[in-house]
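There are 2 protein chains.
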Amino acid sequence: MSKIKITDTTSKKDLIYEVAAGLFREKGFRATSMRELAAKVGIEAASLYNHIHGKNDLLNGICFKVANTFTRKMDEVESEDCTIIEKVEKLIRFHVHEMVTHYQDVYVSDREWRNMEEPELTKYREMRRMYRKRFASIVEKGISRGEIKKIDANTAVMIFLNAIAAVDQWHRIIHKVDSDQLENNMVIVLIEGLKS
Amino acid sequence: MSKIKITDTTSKKDLIYEVAAGLFREKGFRATSMRELAAKVGIEAASLYNHIHGKNDLLNGICFKVANTFTRKMDEVESEDCTIIEKVEKLIRFHVHEMVTHYQDVYVSDREWRNMEEPELTKYREMRRMYRKRFASIVEKGISRGEIKKIDANTAVMIFLNAIAAVDQWHRIIHKVDSDQLENNMVIVLIEGLKS
DNA sequence: CACATAAGCTAACGTGTGTTAGTTCTTTCA
DNA sequence: TGAAAGAACTAACACACGTTAGCTTATGTG
Chain A
1 MSKIKITDTT SKKDLIYEVA AGLFREKGFR ATSMRELAAK VGIEAASLYN
51 HIHGKNDLLN GICFKVANTF TRKMDEVESE DCTIIEKVEK LIRFHVHEMV
101 THYQDVYVSD REWRNMEEPE LTKYREMRRM YRKRFASIVE KGISRGEIKK
151 IDANTAVMIF LNAIAAVDQW HRIIHKVDSD QLENNMVIVL IEGLKS
Chain B
197 MSKIKITDTT SKKDLIYEVA AGLFREKGFR ATSMRELAAK VGIEAASLYN
247 HIHGKNDLLN GICFKVANTF TRKMDEVESE DCTIIEKVEK LIRFHVHEMV
297 THYQDVYVSD REWRNMEEPE LTKYREMRRM YRKRFASIVE KGISRGEIKK
347 IDANTAVMIF LNAIAAVDQW HRIIHKVDSD QLENNMVIVL IEGLKS
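Sequence lines, in order, name chains A and B. Residues in the first sequence are numbered from 1 upward in steps of one, following our numbering. Residues in the second sequence are numbered from 197 upward in steps of one, following our numbering.
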């Protein structure tokens with residue numbers, strides 16, 4: 001079937017996506033060449049096309065995988081029966097968790113999605129927009145119930161989402177602070193504030 | 197002297213930098229071509245080289261302008277005589293202010309600096325690293341004085357810096373919320389927390 | 001008016017890119 | 001064992017890019 005034995009659990013296609021995510025994160029989508037990707041995978045550039053349709057497919061795949069993950073989590077949290085603060089906390093913890101476990105993908109989907117082409121670009125933008133909107137609705141409900149300070153909900157959501165997206169410094173911090181502690185720090189600062 | 201009268205206050209070189217920052221922000225450094233930049237400026241690509249040395253110079257110029265601005269502000273804040281919380285608040289407000297007034301430049305320096313080449317890349321990285329370190333030192337002093345909760349200072353700085361860097365949604369929010377209110381929301385959420 | 005110069009233009013070069021065509025090798029399965 | 005097919009290879013194409021060379025035009029100063 002193939003020259004090189006493939007692990008039962010991971011196909012070559014998956015390997016290509018994984019390496020691509022790493023390169024896109026490190027150097028950016030545009031700055032990563034198919035030849036470079038191929039070299040890291042251990043084959044020639046042309047051989048990549050036995051497994052994928054093209055460079056854009058790689059970016060699309062990564063971005064929508066992440067977008068779908070977060071959208072599904074939002075479905076789950078919305079339908080849960082708990083306080084608003086708890087919902088916000090669950091979302092923050094999920095973001096941190098995803099960042100720690102799949103940070104290459106999350107980073108790429110966050111920073112490189114601009115390089116997608118239509119019609120995927122519009123679809124992705126819409127998913128992003130909806131996610132933020134749903135997050136803001138939760139915050140607004142929290143404000144109206146008196147659980148949350150009277151602030152602009154969109155600003156709050158913007159702060160949250162971006163606070164967590166700092167992936168370049170991420171690994172450095174992860175190795176100093178363990179990831180549970182990181183999650184807790186994040187929740188504390190964002191929900192309780194800096195001041196003691 | 198030139199075919200087109202230049203405004204006394206703005207040289208053509210400045211105009212090129214300004215348009216470049218807009219394009220780099222919108223499409224990314226790599227995805228912006230000199231031909232496209234030239235078209236937006238209203239000249240041919242080759243004519244750009246009468247004003248600048250090359251594409252890399254544009255990125256270098258933008259990044260170091262921003263880095264110098266923040267480094268100078270850090271000098272100022274460090275030497276001020278006030279509480280730690282006030283220092284942190286001053287820095288946050290300055291970040292928001294710079295973002296509102298020069299968001300193209302700030303955004304580009306934050307997201308596109310990877311595309312710089314040596315030796316500028318190393319120098320820029322070092323400036324960034326120093327800035328974060330000095331910021332973290334302030335937070336740590338706040339912790340030891342009991343003004344700030346016992347959290348990981350690096351994580352806190354990471355949260356702050358990234359919370360403010362969400363420029364893509366920035367203009368949208370600015371037009372709904374005025375920029376003073378934005379600054380206040382930011383300070384409230386980050387210093388006092390979300391919970392009421 | 002004439003000269004120097006700034007700033008524009010056209011044309012082109014060299015390079016790197018994504019991708020395709022065509023071929024060869026290896027493995028699986030009937 | 002032999003056919004089918006998956007997956008690798010080499011070679012090349014077409015294109016877009018940053019940049020340079022060389023020329024032309026316009027303008028301010030003597």
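Beta carbons: idealized from backbone N, C-alpha and C, even for Gly.
- Residues of chain B with a Cβ closer than 9 Å to the Cβ of Leu91/A do not exist, since the nearest Cβ in that chain sits about 12 Å away.
- Secondary structure at Ile339/B: helix, using DSSP grouped into helix, strand and coil.
- Within 7 Å of the CB of Asp301/B, no CB atom of chain A is found; the nearest one sits about 18 Å away.
- Taking 8 Å as the Cβ-Cβ cut-off, the segment 30–43 of chain A approaches chain B at Arg30, Ala31, given in chain order.
- Chain A places a beta carbon closer than 8 Å to that of Val373/B, counting this residue as a contact.
- In this structure, DSSP gives Ile148/A an extended state, which the three-state scheme calls strand.
- Remark: C-beta atoms of Leu255/B and Glu322/B do not approach each other more closely than 8 Å.
- The alpha-carbon separation between Asp110/A and Leu378/B amounts to approximately 23 Å.
- Here Thr318/B is exposed, its C-beta having fewer than 16 other C-beta atoms within 10 Å.
- Ranked by Cα distance from Leu190/A, the first of Val177/A, Thr155/A, His175/A is Thr155/A.
- Listed by position along chain B, the residues whose Cβ is nearer than 7 Å to that of Met158/A are Ala362, Gln365, Ile369.
- Assigned with DSSP and collapsed to three states, Val373/B falls in coil, not helix or strand.
- When C-beta atoms of the segment 39–59 of chain A are compared with those of the segment 8–17 of chain A, three or more pairs fall below 8 Å, so the two segments count as touching.
- Secondary structure of Gln365/B (DSSP, three-state): helix.
- Interface annotation for the segment 292–326 of chain B against chain A: Arg307, Glu308, Arg310, Asn311, criterion Cβ-Cβ distance under 9 Å.
- With respect to the 8 Å criterion, Val100/A and Ile164/A are not classified as neighbours on the basis of their beta carbons.
- DSSP places Ile360/B in the coil class of the three-state scheme, outside both helix and strand.
- Among the residues facing chain B, Val19/A is not included, as its CB has no counterpart in that chain under 8 Å away.
- With contacts defined as CB atoms closer than 8 Å, Arg289/B and Val383/B qualify as a contacting pair.
- Put simply, the backbone Cα of Gly342/B is about 20 Å away from that of Ile355/B.
- The residues Leu23, Phe24, in chain order, have a CB closer than 7 Å to that of Thr32/A in the same chain once the five nearest residues on each side in sequence are set aside.
- Residue-level contact check: Ala359/B touches chain A, since one or more beta carbons of chain A fall below 8 Å from its beta carbon.
- At least one CB of chain B lies nearer than 8 Å to the CB of Thr155/A.
- Taking 9 Å as the Cβ-Cβ cut-off, the segment 329–351 of chain B approaches chain A at Val335, Gly338, Ile339, Gly342, Glu343, Ile344, Lys345, Lys346, Ile347, Asp348, Asn350, Thr351, given in chain order.
- Counting along the chain, no alpha helix (DSSP H) covers Asn115/A, and no H or E run does either.
- At a cut-off of 8 Å between C-beta atoms, Gly28/A counts as an interface residue with respect to chain B.
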